[in-house]
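Numbering (the working numbering), first residue to last: 23 to 221.
The C-beta atom is built at its ideal place from N, Cα and C for all residues, glycine as well.
A short write-up of the structure that comes next.
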Amino acid sequence: MDNTIQIIEKPEWVSWDDISAVLWQAHGSNREEGMNMKHASFSGEEIKEHLEPSGKMFVALLDNKLVGVAAYQPKKVSFWFGEELFAYCCFAAVLPQYTGKGIYGQLVRIREDSARSQGIDKMMFNTHPRNSRVIQIAQQFGYKKVDFRAGRENPWVFMVKWLNGMPYSESKINIMYAKKKLQLQIKNTIKQVLKKGGR
Ligand SMILES: CC(C)(COP(=O)(O)OP(=O)(O)OC[C@H]1O[C@@H](n2cnc3c(N)ncnc32)[C@H](O)[C@@H]1OP(=O)(O)O)[C@@H](O)C(=O)NCCC(=O)NCCS
């Protein structure tokens, strides 16, 4: 064993089921903390289908053992700054025994380089608001919290990175994010009050 990490686009011999297994295992601590993210329980086939037709999956291999995964797909999404094309990042995970070694950082880099080579200059992902680890790491890499949206079971924090420089000031981004978060909180409070009143 020579401890060589390889970060490459998914080769044929790495199966979608292997990728599903890494996601499931890596999300174990999130599940324990009540953060159930549906992508983490996708089967190999579901992951493959989700990324079709133009998504890309990258893998981290340590001496040919799969230890990390990260993907993106080009997608148009609307935010307060308009509808734009993003590399929508998903299926990101590193096996617990291999975290804290910069593997995710390398996966983030290859994903950004690949998006750039496809002419995409904005990266985006969403996560559970309590997934502070990935939020803090993403912030270190230049991702900004831009939106806070309702999901079926929990709200989602949306983060964006402008690869060619952020076109808005830091304060504008922070104010818009705070506004979106507050709007959702008010909406949820009103819903709860109406629900209680209806009893
Ligand atoms: C989030 C996750 C992918 C991070 O993987 P990782 O390989 O440990 O991350 P890295 O080691 O590349 O860390 C990246 C950087 O953040 C730093 N960092 C690590 N943990 C940190 C923390 N808790 N807070 C702030 N920074 C941290 C690292 O020092 C590193 O900085 P460096 O490149 O300057 O050394 C991994 O913990 C995981 O799989 N979590 C469960 C699945 C998950 O939540 N996925 C995201 C779904 S949206």
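Take the alpha-carbon of ALA137 and the one of ASN210: they are about 36 Å apart. For ligand 1, no non-hydrogen atom lies closer than 6 Å to the CB of HIS72. Residue side-chain check: ASN52 places its Cβ nearer than 6 Å to a non-hydrogen atom of ligand 1. For the pair ASN52 and ASN58, the Cα-to-Cα distance works out to about 7 Å.
Between ILE142 and ALA82, the C-beta spacing is not below 7 Å. In the DSSP assignment, LEU84 falls within the beta strand (DSSP E) that extends over 78-84. In the structure shown, the three-state DSSP call for TRP178 is strand. According to the DSSP secondary-structure assignment, TYR94 is paired through a beta bridge with LYS78, CYS111. When distances are taken from the beta-carbon of ILE41 to the heavy atoms of ligand 1, even the shortest one reaches 6 Å or more. A contact between stretches requires three or more CB pairs, one per stretch, nearer than 8 Å, and the segment 211-220 fails this requirement with the segment 156-169.
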